[in-house]
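K.L.:
Residue numbers (my numbering): 2 to 272.
Ideal Cβ positions, reconstructed from N, Cα and C, are used throughout, including at glycine.
First the structure, which I've put down as structure tokens, then a few questions once you've had a look.
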Amino acid sequence: MSKPLFTQAIHAKLFVALMFLCSFTFVSNLHAQANNIDKLQQAYDDAMKDWAYVLKTYVDAQGRTNFKDVAQDIKPLENVVAFIGEVSPANTPSLFPNADAVMAFHINSYNALAMYGVIERDIPDGFTNFFSRASFFKFRDITIGGQTTNLYDYENDVIRPLNEPRAHFALNCMVKDCPRLPMEPFEANSLNATLDELTNEFFAKEKHLYFDHDKKRVYVSEILDFYTEDFVVSGKAKDLPEYINQYLDTPIPSDYKLRFIEYDWRINAQP
């Protein structure tokens, strides 16, 4: 064999070997990624099992939490909070294949972090003034997917931009005038039906909506005041009945004035 042909043969063998090495590395990386996703999915499933246990065991049919007993059996809730601290749709998008999966994660996470926060604060009576609310919602750090934030920013900067107004009837900050905390986690495959159910339930409760027919007024929860622009394009309170009426058997009369019910910020604990 002449020298040029010999050199070409060597180069060809090196090329084949290099291609094999690259292919092997690529396949190995794919397997590693798949294994990692499987592990993350298992960790997520385990966290949701722990959250389901907490809700079923320590939340009653009225949505009240037995905070004292949760504090005595804190490990499952700690596991949920630890998972949320490491994983989120932002840093692990493959774990959340659609919008409902993303929203279900955020609602469960907000509720779990709020519950944990109440226990972390030694179960206060409530957040009945501006300073106690600011301390709990704005100045208490939480971690979601490796990012430090707080409940206020989490709701306003992450959850609200997802443009699902019914989420306001699912997010629970553990006080009496919050929507009812369900006894099971939110799940992606049933999220739409669950949100509809909770929204209908919310407006069916007198503590969230009632009429004064003598004065031609309808009184609604301050949640509708806090987040008016999420419910109606105009962002004006006078237009809120057009949203609310979707969930009422008898619509709010057009000549009724809308007023807001003062929010009860006391902790929603079991007696």
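#1: What does DSSP give as the partner residue(s) for Pro150 in the beta ladder?
#2: Considering Cα atoms alone, identify which of Ala115, Leu172, Gln148, Asn157 is closest to Phe137.
#3: Can you check whether the CB of Val103 is closer than 8 Å to the CB of Pro90?
#4: Does Arg161 come out as helix, strand or coil in the three-state DSSP assignment?
#5: Given a threshold of 16 other Cβ atoms within 10 Å of its Cβ, counted over all protein chains shown, does Ala168 qualify as buried or as exposed?
#6: Go ahead and pull the three-state DSSP assignment for Leu273.
#7: Excluding the 5 residues flanking Asp126 on each side, which residues of the same chain have their C-beta closer than 7 Å to its C-beta?
#8: Can you find at least 3 beta carbon pairs, one from the region 140-152 and one from the region 223-240, that sit closer than 8 Å?
#9: Cα separation between Val221 and Asp39?
#10: Quick one: what's got a C-beta closer than 7 Å to Val186's C-beta in the same chain, skipping five residues either side?
#11: Check for me: the alpha helix (DSSP H) holding Tyr117 runs from which residue to which?
#12: What's the gap between the Cα of Glu243 and the Cα of Leu182?
#13: By Cβ distance, which residues of its chain are closer than 7 Å to Glu188, with the 5 residues on each side in sequence left out?
#14: Whole-angstrom Cβ separation of Leu281 and Leu249, contact assumed at under 8 Å?
#15: Can Tyr153 be considered in contact with the ligand COA, in the sense that its beta carbon sits closer than 7 Å to one or more heavy atoms?
#16: How is Gly86 classed by DSSP in three states: helix, strand or coil?
#17: Out of Val71, Tyr117, Phe84, Asn190, which has the shortest C-alpha to C-alpha gap to Asn99?
#18: Tell me whether Ser222 sits in a helix, a strand or coil according to DSSP, three-state version.
#19: Between Tyr117, Leu259, Asn201, which lies nearest to Ile85 when the distance is taken from Cα to Cα?
P.N.:
Let me lay it out:
#1: According to the sequence displayed, residue 150 carries Thr and not Pro. Answer is Ile143.
#2: Ala115
#3: yes
#4: Here Arg161 sits in helix by DSSP.
#5: Residue environment analysis places Ala168 among the buried positions, since at least 16 neighbouring C-beta atoms fall within 10 angstroms of its C-beta.
#6: As shown, the chain starts at 2 and ends at 272. That puts residue 273 outside it, with no answer to give.
#7: Arg267, Ile268
#8: no
#9: 45 Å
#10: First, the amino acid is wrong: residue 186 is Pro here, not Val. For Pro186, where only same-chain residues beyond five positions count, the Cβ hits under 7 Å are Met49, Trp52, Ala53, Leu56, Asn109.
#11: 100-121
#12: 26 Å
#13: Ala105
#14: The requested residue 281 is not part of the displayed model; the chain covers only 2 to 272.
#15: In the structure on display, the ligand COA does not appear, and there are no ligands present to speak of.
#16: helix
#17: Asn190
#18: strand
#19: Closest option to Ile85, Cα to Cα, is Tyr117.
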